[in-house]
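Asker: After the structure tokens below, expect a handful of questions from me.
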Amino acid sequence: MAIVSTAKMTARQFLELGEDPPGVRLELVDGEVAVSPSPIPDHSYVDKALSALLFMHVKSRRLGRLYGDVDTIFGEYDIRRPDLIFFAKERIHLVGEKAMEGPPDLCVEIISPSSGTIDRRDKFKQYADGGVVHYWIVDPRMRTIEGFKLSRGKYRPTGSGKNDDVVRLPPFQDLEIPLGELWQPRD
Numbered sequence: 015m016a017i018v019s020t021a022k023m024t025a026r027q028f029l030e031l032g033e034d035p036p037g038v039r040l041e042l043v044d045g046e047v048a049v050s051p052s053p054i055p056d057h058s059y060v061d062k063a064l065s066a067l068l069f070m071h072v073k074s075r076r077l078g079r080l081y082g083d084v085d086t087i088f089g090e091y092d093i094r095r096p097d098l099i100f101f102a103k104e105r106i107h108l109v110g111e112k113a114m115e116g117p118p119d120l121c122v123e124i125i126s127p128s129s130g131t132i133d134r135r136d137k138f139k140q141y142a143d144g145g146v147v148h149y150w151i152v153d154p155r156m157r158t159i160e161g162f163k164l165s166r167g168k169y170r171p172t173g174s175g176k177n178d179d180v181v182r183l184p185p186f187q188d189l190e191i192p193l194g195e196l197w198q199p200r201d
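Start counting the sequence shown at 15; every next residue gets the next number (the working numbering).
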């Protein structure tokens with residue numbers, strides 16, 4: 015007779031697994047390991063372009079720290095890996111040795127064909143419940159960006175843009191983001 019364990023994996027147990035195998039990204043969702051494929055080229059291009067822009071802005075103004083694709087704890091049984099996260103300098107103490115130990119000030123998710131529902135529904139709710147103040151959703155296929163701010167436990171829109179628009183989104187209202195520079199050229 016086979017015995018099936020129904021015990022959930024904790025965030026601490028998940029972190030002991032070490033680095034992800036090549037070609038996949040692992041997250042812990044409600045105590046279960048969730049596997050997603052590596053990003054597609056459009057996703058990766060936007061990630062690098064937006065990272066460079068935000069990194070220079072954050073560093074030059076000494077606003078805090080920007081990280082990408084790092085384990086972020088959202089509860090005893092949940093670890094997500096947002097594409098980009100920002101911690102304001104007064105909250106750097108939440109940056110742990112193996113993972114982020116609390117909610118970032120900003121999470122950015124770049125949508126891939128397989129992640130749209132997860133980013134717009136599951137993570138939208140989880141990040142709000144977890145106390146992430148700002149959430150950006152970037153869609154390379156549609157060439158859009160949407161910003162949200164947590165207010166009374168729910169996300170409210172703070173701005174959006176598409177194609178070649180230039181946008182300013184909290185928490186970086188003084189940064190102009192030229193969206194046309196984020197999208198991979200369509201040759």
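Glycine included, every Cβ here is placed at the ideal spot set by N, Cα and C.
Keep in mind it's a predicted model, so treat the numbers as computed, not measured.
1. Could you round the C-beta distance between R105 and D119 to whole angstroms and report it? I think they count as a contact, below 8 Å.
2. Excluding sequence positions up to five away, which residues of its chain have a Cβ less than 7 Å from the Cβ of A63?
3. Which whole-angstrom value describes the C-beta separation of E90 and T158, a residue pair presumed to lie in contact below a C-beta threshold of 8 Å?
4. Using CA atoms only, rank isn't needed, just tell me which of R155, P154, P127 and G167 is closest to K139.
5. When the distance is taken between beta carbons, is D83 closer than 9 Å to F28?
6. What does H148 pair with, by DSSP beta-bridge criteria?
7. Rank S74, E111, P199 and P184 by C-alpha distance to the C-alpha of I87 and give the top, closest one.
8. If I'm right that L77 touches K103 with Cβ under 8 Å, what's the distance once you round it to whole angstroms?
Answerer: Taking the definition as stated:
1. That pair is a contact at about 6 Å.
2. Taken in chain order, the residues that qualify are E195 and L196.
3. Actually they do not touch by this definition, with Cβ atoms about 34 Å apart.
4. Answer by Cα proximity: G167.
5. The criterion of a C-beta distance shorter than 9 Å is not satisfied by F28 and D83.
6. Partner(s): L120 and K163.
7. Measuring from the Cα of I87, the nearest candidate turns out to be E111.
8. That pair is a contact at about 6 Å.
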